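Sequence lines, in order, name chains A and B. 325 is the number that the numbering used here gives to position 186 of the first sequence; each next residue is one higher, with no gaps. 366 is the number that the numbering used here gives to position 227 of the second sequence; each next residue is one higher, with no gaps.
There are 2 protein chains.
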Amino acid sequence: MVNLTKLTKLSINQSIFSKMGNITIKMLAKELNLSTAAVSKALRDSHEISEGTKKRVLELAAALNYVPHPYAGSLREKKSNTIAVVIPEVADSFFSLALNGIEAVAIANGYHALIYLTHESFEREKTLLKDLESGRVDGVIMSVTMKTDTFDHLKSLNKMVPMVFFDRVCEEIDTAKITTNDEECGYQATQHLIDSGCKKIAILSISESLSINSKRIQGYQQALLENGREGDPASIIDYGEDSVENFEQLRKVFREVDRPDGIVATVSKMTTDIYLVCMELGLRIPQDVKVVSFSNDSTVAILNPSLTTITQPAFEMGELAAGILFKALKKKYLVLSEESTVVPSQLFVRNSTSSSV
Amino acid sequence: MVNLTKLTKLSINQSIFSKMGNITIKMLAKELNLSTAAVSKALRDSHEISEGTKKRVLELAAALNYVPHPYAGSLREKKSNTIAVVIPEVADSFFSLALNGIEAVAIANGYHALIYLTHESFEREKTLLKDLESGRVDGVIMSVTMKTDTFDHLKSLNKMVPMVFFDRVCEEIDTAKITTNDEECGYQATQHLIDSGCKKIAILSISESLSINSKRIQGYQQALLENGREGDPASIIDYGEDSVENFEQLRKVFREVDRPDGIVATVSKMTTDIYLVCMELGLRIPQDVKVVSFSNDSTVAILNPSLTTITQPAFEMGELAAGILFKALKKKYLVLSEESTVVPSQLFVRNSTSSSV
């Protein structure tokens with residue numbers, strides 16, 4: 140704690156400090172008659188510096204409103220030329236494309252990107268982030284697991300290195316977030332199914348704690364509401380990690396008399412299950428069931444039938460996230476949260492929602 | 140060079156050495172009246188040890204057939220609990236599945252896997268491997284780029300840490316290699332097309348320097364030969380990195396009067412191009428052109444038409460590679476090359492090669 144009453148007694152050399160905007164360690168050192176190294180160590184609460192000296196440094200720093208760059212220390216001392224990318228998986232075209240965008244920027248900046256996969260395990264995410272606190276990397280780009288529902292591990296790492304979130308962001312952390320217009324896309328996909336003649340539209344939901352998922356569902360509900368449809372809670376189908384259970388559940392849903400005639404898949408990998416269940420039950424796409432998927436798969440145009448998609452700007456989102464991270468690594472003062480960007484996705488209409496077949 | 144004539148003069152304490160199998164540094168130290176640290180440094184050719192002492196140590200080590208574990212030093216001194224996985228890309232279901240296999244084993248062993256992507260750049264592969272020589276990781280699992288045609292960077296890293304290759308292996312490095320039966324599969328795919336009635340079979344080739352590619356092509360040529368077909372060199376189509384050029388080339392091939400009526404895609408991503416070109420030119424699959432792809436894509440069953448594949452045991456190959464690496468990290472004596480394994484792939488016949496449509 141800085142004793143503010145004492146500050147008035149400090150002999151501050153006004154001629155040095157009056158004109159400048161940014162207070163530097165060098166200025167503090169000169170005023171306190173200490174070495175810059177000593178001031179730097181005092182600011183980092185080093186055991187090498189006496190409590191008395193630490194107090195003097197902190198009081199002057201506070202009086203002059205000295206704002207240290209939170210990461211400058213680690214960067215100057217031990218630059219790893221490495222960033223970490225922490226993502227749930229790569230067996231998904233969204234993440235693999237985003238990764239390519241991140242890598243393109245990292246390579247251009249002379250950096251290595253270390254890729255860490257959480258495999259949707261919250262425990263693993265916590266372990267990996269703890270490991271990153273050791274200073275192995277200069278910055279982190281990440282997308283959280285579908286189970287991440289507490290945020291202390293993110294806050295803790297964010298104090299050590301700059302972090303940028305993309306797609307599956309954490310609203311609780313005050314930093315840059317690169318997202319797409321998920322709510323609008325949920326709305327757009329649903330409205331497109333309504334326009335194509337669907338009467339009962341279901342949506343597959345991956346995780347209640349993921350903001351992208353809840354936003355897509357909000358958009359879905361909004362479209363139903365605006366079209367005077369009842370937001371039937373039974374039409375929101377939980378899609379978990381057990382592939383056998385997922386398939387069984389879809390089979391059950393489509394066997395019902397009151398089955399959906401339109402479905403929104405909020406992630407790409409649901410598509411194969413939907414197509415296979417329909418095939419098995421003799422339901423024709425699009426005549427009996429119309430399908431829209433959030434997907435970046437390269438095969439969507441050659442599916443049977445070709446798939447209507449909401450396609451996210453995956454590569455661009457990765458590029459943007461990395462661009463902001465490198466800006467933070469180069470600049471001393473950057474308010475990361477001000478760099479947040481929303482990049483719109485795009486609806487591509489193909490045969491899986493055709494009403495003229 | 141060890142002077143063998145001198146060895147007879149060494150006063151070896153037979154009572155110490157007669158019964159044991161493994162000679163340890165401690166034994167050498169005792170016999171030479173040196174500290175274990177000095178022996179260890181001498182064996183590592185440290186500048187801290189005089190040439191005379193080094194010579195004494197090396198001579199005794201040679202006489203007693205002392206075999207140092209090549210990586211024991213780095214492991215004892217600085218265990219990172221981290222392995223590196225160096226692969227060309229993740230936007231390919233083979234590599235993303237193999238990665239999942241590797242990670243499953245790494246996690247079970249309490250290790251982190253750092254994933255490095257080369258993006259098929261030979262230069263990048265060299266830079267990344269140089270970086271790994273710093274001792275950041277305890278071991279490396281890798282699949283080389285399609286341009287890797289010299290091997291000094293691999294040999295150099297292999298001296299520092301244990302390496303295991305999978306899929307795209309480097310024959311020049313004497314270590315464990317996990318592969319699938321590529322030649323047999325090239326043969327099997329081609330024979331299946333012949334059996335399905337194809338008269339002119341082409342194969343898409345990704346890289347002349349990759350062993351997996353040349354083996355698949357050898358199998359293709361062998362099948363043609365055994366069926367009394369001429370191995371038409373024009374039927375081996377180079378498929379590079381430029382997606383526009385690739386598409387244009389396929390279009391040209393299928394526009395010819397003497398076009399192929401069967402095609403083998405040696406990697407999964409070629410499939411979309413083949414299907415789209417056929418669609419554009421009004422060629423029906425399988426009636427006009429039959430297709431077999433090496434693929435692990437989850438969508439193969441819902442393509443239009445469903446795709447006949449050679450499916451590699453991707454996850455299992457990753458698991459095996461990691462299993463061997465951890466065995467090497469735990470055991471003192473392991474001849475890695477003896478751990479090489481060939482895991483067979485499987486042909487799944489679907490509609491893209493049907494002769495009854």
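For every residue, glycine included, the Cβ atom is placed at its ideal position computed from N, Cα and C. Keep in mind the model is a prediction, meaning the values are calculated, not measured.
| Check | Outcome |
| --- | --- |
| Residue-chain proximity (residue 377 of chain A, chain B), Cβ-Cβ < 8 Å | no |
| Selection from B/377, B/381, B/201, B/382 that minimises the alpha carbon distance to residue 402 of chain B | B/377 |
| The region 326 to 344 of chain B contacting the region 420 to 434 of chain B, beta-carbon criterion three pairs below 8 Å | yes |
| Nearest candidate by alpha-carbon position, reference residue 218 of chain A, set A/178, A/188, A/275 | A/275 |
| DSSP three-state assignment for residue 448 of chain B, whether helix, strand or coil | strand |
| Straight-line gap, residue 482 of chain B to residue 449 of chain B (C-alpha atoms, nearest Å) | 13 Å |
| Where residue 333 of chain B falls: helix, strand or coil (DSSP) | helix |
| Minimum C-alpha distance to residue 398 of chain B - residue among B/408, B/467, B/279, B/416 | B/416 |
| Which of helix, strand or coil DSSP assigns to residue 403 of chain B | strand |
| Neighbourhood of residue 164 of chain A by C-beta, 7 Å cutoff - its chain only, sequence neighbours within 5 removed | 175, 178, 179 |
| Chain B contact residues for residue 366 of chain A, given Cβ-Cβ distances below 8 Å | The contacting residues do not exist; residue 366 of chain A stays about 30 Å from chain B at best. |
| Per-residue contacts from residue 438 of chain B into chain A (C-beta, under 9 Å) | 410, 411, 414, 436, 438, 439, 441, 442 |
| C-beta atoms of residue 278 of chain B and residue 222 of chain B nearer than 8 Å | yes |
| Proximal residues of chain A, C-beta to C-beta of residue 229 of chain B below 7 Å | 229, 235, 238 |
| The beta strand (DSSP E) enclosing residue 251 of chain B, as first and last residue numbers | 251 to 256 |
| Residue 256 of chain B versus residue 227 of chain B: straight-line alpha-carbon distance, rounded | 5 Å |
| Listed by chain order, chain A residues near residue 267 of chain B by CB distance under 9 Å | 251 |
| Proximal residues of chain A, C-beta to C-beta of residue 242 of chain B below 8 Å | 256, 258 |
| Ordered list of alpha helix (DSSP H) runs contained in the region 277 to 365 of chain B, each at least 4 residues | 291 to 299, 321 to 334, 350 to 365 |
| For residue 307 of chain A and residue 346 of chain A, the rounded distance between their alpha carbons | 11 Å |
| Closer than 8 Å to chain B by CB, residue 270 of chain A | yes |
| For residue 431 of chain B, three-class secondary structure by DSSP | strand |
| As assigned by DSSP and simplified to three states, the class of residue 230 of chain A | coil |
| Strand pairing of residue 377 of chain B, partner residues [DSSP] | B/344 |
| Residue from B/467, B/486, B/478 whose Cα sits closest to the Cα of residue 248 of chain B | B/467 |
| Under the three-state DSSP convention, the category residue 173 of chain B falls into | coil |
| Inter-residue spacing [alpha-carbon to alpha-carbon] between residue 424 of chain A and residue 490 of chain A | 8 Å |
| Residue 474 of chain A (DSSP reduced to helix, strand or coil) | coil |
| CA-to-CA distance, residue 296 of chain B to residue 269 of chain B, given in whole angstroms | 7 Å |
| Assumed close pair residue 404 of chain B, residue 386 of chain B - CB separation to whole angstroms, cut-off 8 Å | Incorrect: roughly 13 Å between the Cβ atoms, too far for contact. |
| Three-state secondary structure assigned by DSSP to residue 480 of chain B | strand |
| Separation of residue 281 of chain A from residue 453 of chain A, as counted between CA atoms | 13 Å |
| Per-residue DSSP class, three states only, for residue 468 of chain A | helix |
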